[in-house]
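Undergrad: Shown below is the structure under consideration.
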Amino acid sequence: MEIEPQDLSHYSCECCGDDSHIARGFVHDEDGSTAAAYFVHWTLGKVDTHGAMFDLIVGRWGEGASAADRSAVSLAFRIGPQGGFMIVDAEGRSVAESELVGHVLSREDVVNTPLAKRVFDIVDAIWLQDSRIAEIVESAA
Ligand SMILES: [Zn+2]
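Printed below as a string of C-alpha cells:
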C-alpha cells in the first residue's frame with residue numbers, strides 16, 4: 002500500500018483548546034486503486050494524554066463507486082501499557098457526517114471480521130509512511 006498525503010489543517014482541542022492537527026490523505030492498493038481516505042487527529046504535545054484518532058473511509062472508490070460503497074471506520078490510538086490501536090464506533094466522529102460515507106460502522110461491525118485486517122493494514126501504511134504524524138509515532142517508541 003502507498004499513501005498520498007493531502008492537506009493538513011488546524012483546530013482547537015475540544016477539552017483544552019490546544020492546537021490540534023488533522024492530517025488527511027489517501028491509501029492506495031498495490032494495483033493503484035484507492036483503499037481508503039484517512040483523517041488523523043491529534044493535539045500537539047498531548048499525544049501521551051489525549052492519544053490520537055484515526056478515522057478512515059474504506060470501500061470502493063473511483064468510477065462507478067458511490068457513498069453507498071464506502072464505510073466510516075474509526076480507531077483510537079492510546080499510549081501506555083494498555084495502549085495501541087483500538088477500533089471504536091465511528092458514530093459521532095466528523096467522518097460519519099461526510100457525504101463520501103454511506104455506512105457508519107460500530108466497533109462490533111469491524112472487530113473479528115476480514116475488514117478488521119484490512120483496516121489495520123491501512124493504518125500500518127499511514128503509520129509507516131506519513132511523516133506528518135511523526136509526533137504520534139515517536140510517542141509510541
Ligand atoms: Zn485537549
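Read the sequence shown against this note's numbering and you will find it ends at 142, with the numbers running on by one and no gaps. For glycine and all other residues, C-beta sits at the position ideal for the given N, C-alpha and C.
1) Do you know offhand how far Gly84's Cα is from Cys14's?
2) Please report how far the alpha carbon of Thr35 lies from the alpha carbon of Asn113, in whole angstroms.
3) With a threshold of 7 angstroms (Cβ to nearest heavy atom), would His22 be considered close to ligand 1?
4) Can you tell which of Phe40, Asp30, Leu76, Val48 has its C-alpha closest to the C-alpha of Ala117?
5) Grouping DSSP H, G and I as helix and E and B as strand, with all else coil, what is Ile134?
6) At a threshold of 7 angstroms, does His51 count as lining ligand 1 (C-beta to nearest heavy atom)?
7) Drop a sphere of 10 angstroms on the beta-carbon of Asp49, count the other beta-carbons inside from all chains shown, and report buried for 16 or more, exposed for fewer.
8) Output needed for Trp56: all residues of its chain with C-beta closer than 6 angstroms, excluding positions within five of it in sequence on either side, in chain order.
9) Please tell me whether Gly26 and Ser72 are closer than 8 angstroms, where the distance is taken between their beta carbons.
10) Which residues does DSSP pair with Leu76 in a beta bridge?
TA: Working from what's here:
1) 21 angstroms
2) The alpha-carbon atoms of Thr35 and Asn113 are separated by roughly 23 angstroms.
3) no
4) Leu76
5) The answer is helix: DSSP assigns Ile134 an H, G or I state.
6) yes
7) With fewer than 16 Cβ atoms within 10 Å of its Cβ, Asp49 is classed as exposed.
8) The sequence given here places Asp at residue 56; Trp does not occur at that position. Within the same chain, Asp56 has close Cβ partners Phe40, Ser75, Arg94, Val96.
9) no
10) According to DSSP, Leu76 bridges with Phe55, Ile88.
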